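Chains as they are written, first to last, in my numbering: chain A, 2 to 407; chain B, 1362 to 1964.
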Amino acid sequence: MNTFFNEYFDRVTFFTVLGLVGIGLLSVYSATFDAYEGRDFYRQLLWAGIGFTLMMTMMLLPLRWMQRSALPLFFASLSLLILVLLVGKRVYGSQSWLGVAGLGIQPSEFVKITTMLAVASYLSRSDVKATDLKDLTKASILVALPIILIMLQPDFGTSLTFLAMFIPVLYWAGASKFLIIIIIAPAFVAAASIMGTTPFLIVLLLLGGALWTMRNENRFVAALVFGANVVIGFLVQIIYDKLPLYQQKRIATFLDPNNDPLGAGYNVIQAKVAIGSGGMFGKGFMRGTQTQLSFIPKQWTDFIFCVPAEEFGFVGGVVVLGLFAILLYRGIHLASIAKNKFSSLVAIAIVSLFAFHIFVNIGMSVGLMPVIGIPLPFLSYGGSSLVSYMMMAGLLMNVYANRKEY
Amino acid sequence: MNDEFGSQERRRVLKIIIAVGFILLVGRLFQLQYIYGDLYGKEAEQNSIRNVPKVPIRGYMYDRKGTLLVDNRPSYTVMVTPIDFNAENLPLLSSILGMQQSDIVAKIKQAQRYNPFIPTRIKRDISFAELSMLEEHRDKLYGVEIQMEAKRYYPTAVRGSHMLGYAREISDAMLEKNKEYYQPGDLVGSAGLEAKYEEQLRGVKGWEFISQNAKGQIIGTFDNGKHDIPPQDGFDLQLAIDADVQALAESLLSDKRGAVVAIDPRNGGIIAMVSKPDYDLSHFSGVTPPDVWRALNADESKPLFNRATLTRYPPGSTFKMILALTALEKGIIDEHWTVTCHGGFRYGNKMFKCEHVHGAVNVVDAIHRSCNIFFYQLMLKVGLDEWSAMGQQFGFGKPTKIDIMEENAGLLPTREYYDRVHGKGKWTPGYLISLAIGQGEVGVSPLQMANYAAILANKGKHYQPHIVNAVYDKRTKKLEKIVAEQHSLSLSDHTWDLVREGMRRAVMAPGGTGTAARIPGIEVAGKTGTAQNPHGKDHSWFIGFAPFDEPKIAICVLIENVGYGGSFAAPVAGLCMEQYLYGEIIRYGAKKKNADDAIAAKE
């Protein structure tokens, strides 16, 4: 028995995830404790139970089967996204929910899993090369399909997570660094150009430096890329200046919520106050004034990190971050030891997705990132996201169990 | 496998990126929580902006002449802030307010779950004695405060219980459905006009932003009140009701069970709507004592039941005009067609009786003297289909869509109805004979009957009955008139004239059954009804309108279990119409003679 566990059961991932889910449940309990008498908490507890079962199921799935059925599953899941556009429910302005047996399901959360499996399955084929532009284009089309469907809902934040998952996977699969830089540079350049001259110059300098180090790439193409990014920067600036004032204000507030303290920035300011006032050791469970006095709207979904940070202070925040760090490094380790390309790519996709969610969500709560409504894995209130993240954790455990298979 | 896949270098790059991310986050946490921790801690203590709802003044209601019927008066409410309240003071508070300790605890506990820092209502509308007792113990009763709120006040003699309705503390079920506007303890219109016009009457809540510390203690207004949103007072209602007629009708029925509905046939406005017995609305304006509720619900005379709109009784002879109109309009009979009344009528082996032996009667006589035999025979000639088609045109068997919610559609039997109840082909024309005189299955409400009287008064042109004439929009400062839907029931003038003449004679001519409804100096038309019922004495009905040539009021009076329509309902109708047309009761005074001279001169 013991040898079985040592051989097949990834205790590190398992206990890390259990810890995070536990902290998440306590946080949801604290943030939603009011006249509704913990209804939300019990619902989340139910979802955690479902998630746990599915996590164990994912761990046990046969590797070959997953690899073979990844594409059919992917297309089947896309049809759910189309269904959601046709008959879905609207919540907070985007049409991303399906009602199933009285519970709201967000198919986009599960499409993340089928997409990562499909991409990994495609890139792990022996006839596909991550250095071949044609193959890369095909992989990109795979990812573009769900992104387009989710943009239609419209759910900008969730669409971004697909890109955040895809680019590191390409990198891991062997795409050239030069290519990766060409893909991601314009986004950074555009954002920096709106933020001001200094950020713009810094980003350009970094880009120039990065291109400079890639000595074996075509110098002419590198210069062209650099030039194009400079032009993009100026174009964005020109377009931004031409926008009506209110739209400029919206973009500026998005990039820096402090610009609108009573509107869009209200959450961020209250979140910062909540976290800051937690101090080193926090105010104690169920005793966070910001949390208990409902100062942070929608706290149990996107701003859940404030709860451990306010009620357990810096110590609580670092414990959460520490658990996440263990999970991410464990994922990279699993990707490295897996003998199978498919498994390895799946692990990297999961790590990238988690990393993006963690950095954007917590970054938003502490005021380092723009407000993008994406949940914090394992902690945020919400059934579909909790279940899908636990399924991903199950996939990581699956990678461990099958690590020796070719 | 190409050698770049998952290479050592790529692994390192990813690890570094993740490390940078975590270092940034931990650094930021350290900055916020350790370096600025005290600063944010103070801010959390201070920042706390509390949104305090400001309840607007509920709209007033005026009658057609501008008399204020529904007013607001200040009342005092005891509030308790759960977090501040000391349980040791529970016996003291309970003895001052005369409430069970367990009731107080239940309220505080419920509020505690909602938000322990926000004061919650414990008792509305406390008495002056309670108020002074509380003031006396103020220093002891920490966390107990008194708030001034408005409660409904009814300054005139008008009770209007069922019509005006009341606002009560919102129920949990309703709160769940309307969470975006209401909060626990809010008042919400729950019956009558208060319910129907809730959105107009309630106004729009305002918000005051108050800075509070983390313990919920108020520091002061936030940003000098610059962001406060003032409440918008509720809109006023201008009713078609005539307060004097309403009060008179209420007093006339004070010891009876019944209803009065009067309509202005020129626009459909309800002049009076009375249902008796009723209840005192002022019991509902603050808190309703549970024993009052229990008593009202247990009362076998059903004071909460709106007899004006919910009753479903047979209308008796008042319904005869439906049959007369059908027969005349369809050309089945003319004014020369007569029936000889011997005081009885045999159909099959059943005997149908008449009140008198009327001899030979035509259609006008039959209405004038309310001859049953004429209508029994006529019903057999006309048949069910034409009769019920005419009844439907007068709005029977369906709601009038008046602007209060509680209304009964009544029942107008049709061929489909009989087929359904008795089976196809299993009923005979004999079933119809009772319908001819408004007995049997047919069921109507006094409101439907008043509407019917208004249609007769106006020769077919009529309006949807409505209590509210106009809403005064306080934002635009405009009086928004409510335009009543206009309908037309086109029958030939000849038909109308014959039937209306019968109704005129029923009141004005000797031998009429409704002579008790006469008014000095004005010609009245009407019809009495005496409806049999299995529970005691007959129900007394009267419908009518006046003045005959240019009707300004149409009325229906129903008094339960008293006897003849002509003896009980008709005089009430006469007095109400007199009050409305003259603005006072003149029949006992000097004006009566002048009015009688005028009518004599006219004749």
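The beta-carbon is built from N, C-alpha and C at its ideal position, and this holds for glycine as well. Model, not experiment: these values are computed from the prediction.
Which same chain residues end up closer than 8 Å to residue i when comparing Cβ atoms and leaving out the 5 residues on each side of it in sequence?
i	result
G318 of chain A	I276, G279, F306, P309 and A310
M1362 of chain B	Low confidence applies here, because M1362 of chain B scores a pLDDT of 41, under 50, leaving its location unreliable; read the following figure in that light. If we look at M1362 of chain B and ignore the five residues flanking it on each side, it has no Cβ neighbours.
T162 of chain A	K113, L354, F357, H358 and I375
Among residues of its own chain, excluding the 5 on either side of residue i, which ones have a beta-carbon nearer than 6 Å to its beta-carbon?
i	result
F408 of chain A	Summary: the structure shown does not reach residue 408 of chain A, with chain A confined to residues 2 through 407, and so no result is reported for it.
A1797 of chain B	L1684, F1736, Y1737 and M1740
D1334 of chain B	A question about residue 1334 of chain B goes unanswered here, because the residues of chain B that appear run from 1362 up to 1964.
Q1599 of chain B	Y1423, N1830 and A1831
G1706 of chain B	Before going on, a small fix: residue 1706 of chain B reads as Phe here, not Gly. F1713, I1734 and Y1737, listed in sequence order.
A1727 of chain B	F1735
L74 of chain A	T115
Y1640 of chain B	S1522, L1657 and P1664
L1840 of chain B	A1831 and Y1833
Is residue i buried or exposed, if buried means 16 or more other CB atoms sit within 10 Å of its CB?
i	result
M392 of chain A	buried
N403 of chain A	buried
N1955 of chain B	exposed
H1896 of chain B	exposed
F1489 of chain B	exposed
M1751 of chain B	buried
G1799 of chain B	buried
M166 of chain A	buried
E1965 of chain B	Here chain B comprises residues numbered 1362 to 1964, so residue 1965 of chain B is not present and cannot be evaluated.
Taking the alpha-carbon of residue i as reference, which of the options has the nearest alpha-carbon?
i	options	result
S455 of chain A	A:F42, A:F16 and A:V18	Here chain A covers residues 2 to 407 and nothing more, so residue 455 of chain A does not appear.
Q1607 of chain B	B:M1634, B:S1368 and B:R1866	B:M1634
A1930 of chain B	B:M1869, B:A1878 and B:Y1503	B:A1878
G1872 of chain B	B:H1848, B:P1545, B:E1716 and B:L1850	B:E1716
L153 of chain A	A:S109, A:R126, A:L180 and A:F201	A:S109
R1829 of chain B	B:L1400, B:Y1558 and B:R1372	One point to set straight first is that residue 1829 of chain B is Val, not Arg, in the sequence displayed. The option with the nearest alpha carbon to V1829 of chain B is B:Y1558.
A1867 of chain B	B:D1858, B:A1886, B:I1632 and B:W1857	B:A1886
L212 of chain A	A:L256, A:V226 and A:A348	A:V226
L380 of chain A	A:V13, A:L369 and A:L19	A:L19
D1746 of chain B	B:R1776, B:P1651, B:Q1809 and B:M1938	B:R1776
W173 of chain A	B:R1372, B:A1934, B:T1481 and B:G1388	B:R1372
R331 of chain A	A:K342, A:G285, A:K273 and A:M398	A:M398
F325 of chain A	B:Q1369, B:I1379 and B:E1370	B:I1379
C1917 of chain B	B:D1625, B:C1732 and B:G1388	B:D1625
S1853 of chain B	B:I1880, B:G1821, B:K1540 and B:M1864	B:G1821
Does DSSP classify residue i as helix, strand or coil?
i	result
I1487 of chain B	coil
Q68 of chain A	helix
N1830 of chain B	strand
P73 of chain A	helix
G395 of chain A	helix
Y1949 of chain B	coil
E1777 of chain B	helix
P1664 of chain B	coil
H1823 of chain B	strand
L1598 of chain B	strand
M281 of chain A	coil
K1540 of chain B	coil
E1506 of chain B	strand
Y1515 of chain B	coil
M60 of chain A	helix
Tell me which residues share the same chain as residue i and place their Cβ nearer than 7 Å to its Cβ, disregarding the 5 neighbours each side in the sequence.
i	result
E1767 of chain B	N1667, T1670 and L1671
G1720 of chain B	T1701 and C1702
S1636 of chain B	H1523, A1620, N1667, R1668 and A1669
F1366 of chain B	none
F201 of chain A	A193, S194 and G234
P1414 of chain B	Q1544, K1566 and W1568
I want to verify the contact list: residues of chain E whose CB lies under 9 Å from the CB of residue i, in sequence order.
i	result
G234 of chain A	Going by chain labels, chain E is absent from the structure shown, which instead holds the protein chains A and B.
Sorry if obvious, but does the Cβ on residue i come closer than 7 Å to a heavy atom of the ligand SAM?
i	result
F306 of chain A	Annotation note on the ligand SAM: not contained in the displayed structure, which lists no ligands.
**Item:** Contact set between the segment 1381-1400 of chain B and chain A, restricted to residues whose Cβ is under 8 Å from the partner
**Value:** Correct list: G1382, F1383, L1385, L1386, V1387, R1389, L1390, F1391, L1393, Q1394, Y1395, Y1397, G1398, D1399 and L1400.
**Prompt:** Going along the chain, which residues of the segment 168-182 of chain A sit with their C-beta nearer than 7 Å to a C-beta in chain B?
**Reply:** So the close ones are P169, Y172, W173, A174 and G175.
**Under 8 Å (Cβ pairs) to chain A, residues found in the segment 1646-1660 of chain B** = For the segment 1646-1660 of chain B, there are no residues whose beta carbon sits under 8 Å from a beta carbon of chain A.
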